[in-house]
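**Q** The sequence shown runs 73 to 307 under the working numbering. Even glycine gets a Cβ: it sits at the ideal position worked out from N, Cα and C. None of these values were measured; they are calculated from a predicted model.
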Amino acid sequence: GKMWSLWTDFAKFYETNKQLSDARIIFEKATHVAYLKVDDLANVWCEWVEMELRYDNHEEALKLLQRATAPPPRKVAYHDAGETVQVRLHKSLKVWSLYADLEESFGTFKTTKAVYDRILDLKIATPQIIINYGLFLKEHNYFEEAFKAYEKGIALFRWPNVFDIWNTYLTEFLERYGGTKLERARDLFEQCLEGCPKEFTKNFYLLYSKLEEQYGMARHAMAVYDRAVKAVDKS
Numbered sequence: 073g074k075m076w077s078l079w080t081d082f083a084k085f086y087e088t089n090k091q092l093s094d095a096r097i098i099f100e101k102a103t104h105v106a107y108l109k110v111d112d113l114a115n116v117w118c119e120w121v122e123m124e125l126r127y128d129n130h131e132e133a134l135k136l137l138q139r140a141t142a143p144p145p146r147k148v149a150y151h152d153a154g155e156t157v158q159v160r161l162h163k164s165l166k167v168w169s170l171y172a173d174l175e176e177s178f179g180t181f182k183t184t185k186a187v188y189d190r191i192l193d194l195k196i197a198t199p200q201i202i203i204n205y206g207l208f209l210k211e212h213n214y215f216e217e218a219f220k221a222y223e224k225g226i227a228l229f230r231w232p233n234v235f236d237i238w239n240t241y242l243t244e245f246l247e248r249y250g251g252t253k254l255e256r257a258r259d260l261f262e263q264c265l266e267g268c269p270k271e272f273t274k275n276f277y278l279l280y281s282k283l284e285e286q287y288g289m290a291r292h293a294m295a296v297y298d299r300a301v302k303a304v305d306k307s
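#1: Report the three-state DSSP secondary structure of Arg117 (helix, strand or coil).
#2: Would you call the CB atoms of Ile196 and Leu174 closer than 8 Å?
#3: Starting from the C-beta of Leu170, find all residues in its chain whose C-beta is less than 7 Å away, skip the five residues before and the five after it, and write them out in chain order.
#4: Judging by CA-CA distance, which residue of Leu134, Arg258, Tyr277 is the nearest neighbour of Thr180?
#5: Give the secondary structure of Phe229 by DSSP, where H, G and I count as helix, E and B as strand, and everything else as coil.
#6: Please determine if the region 212 to 232 and the region 184 to 201 are in contact, where contact requires at least 3 C-beta pairs separated by less than 8 Å.
#7: Using the Cα positions of Phe235 and Tyr249, report the straight-line distance between them to the nearest angstrom.
#8: Who are the Cβ neighbours of His292 in its own chain at under 7 Å, not counting the five residues just before and after it?
#9: At what residues does the alpha helix (DSSP H) containing Cys264 begin and finish?
#10: Applying the 10 Å Cβ sphere with the 16-neighbour rule, what's the burial state of Val116?
#11: Determine the burial state of Gly225: buried for a count of at least 16 other Cβ atoms within 10 Å of its Cβ, exposed for fewer.
#12: If Val167 sits next to Thr141, beta carbons under 8 Å apart, how far is it from one beta carbon to the other, in whole angstroms?
#13: Could you check if Gly206 is buried or exposed, using at least 16 other CB atoms within 10 Å of its CB as the buried criterion?
#14: Count the other CB atoms within 10 Å of the CB of His212; is the residue buried (16 or more) or exposed (fewer)?
#15: With distances taken Cα to Cα, identify the nearest neighbour of Glu247 among Asp152, Ala114, Glu216.
#16: Give the DSSP-derived three-state secondary structure of Met123 in the structure shown.
#17: Do you know whose CA, among Asp259, Lys306, Phe245, lies nearest Lys270's CA?
#18: Taking Cβ positions, are Ala95 and Met75 nearer each other than 8 Å?
#19: Please tell me whether Asn239 and Asn204 are closer than 8 Å, where the distance is taken between their beta carbons.
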């Protein structure tokens, strides 16, 4: 087995015997071990958090994640193998994803937003995290904030990774504003299509032409279809 799973199984042994305080001592010791990979240490922290959640200790679980994600005293590169895994843990996406999930479930709007913003600042977000953040903001009626989150995501990623972000962004934008911000919607479509590889353009051209059909002018819609025919994949 792996070193980290030996430690977590040791802690679980105490947990199954209803000795939670001893399980915590083992987890605490396990977080100081010199593992080979950051992911190994991340697994230990996540297992500890999961244990606290099994006993409805939400506050305790959030405190653990605050500790795990605290930045080190000096700047450290995540992939620098010369550094200990402990000082590199603050950039572990596994830990941050769990943190964001927990804040959404048990935290406040403000604390959840702070976690997502920190993930973006650390530049460790994935397209899925960007989309989750946007949807979270939308649920709380912060539409413009959600659009800003998508913009940040678009700046972080390239094609084809950015496809889902653009897709969500444009769909949400049209749902929110319809034809009331036509020029802005057109700008977004143009921005999206500018660097879009031809195998991904079909969906965006169809959305764009639908926008023009519903809220713009017929000749504009025709012009979009005309462009689409030349731009999309032949198949």
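**A** On the basis of the coordinates in this document:
#1: Here residue 117 is Trp; the residue named in the question, Arg, does not match the sequence. Note: Trp117 maps to helix in three-state DSSP.
#2: no
#3: Cys118, Val121, Leu137
#4: Leu134
#5: coil
#6: yes
#7: 21 Å
#8: Glu284
#9: 254 to 266
#10: buried
#11: buried
#12: 6 Å
#13: buried
#14: exposed
#15: Glu216
#16: helix
#17: Lys306
#18: no
#19: no
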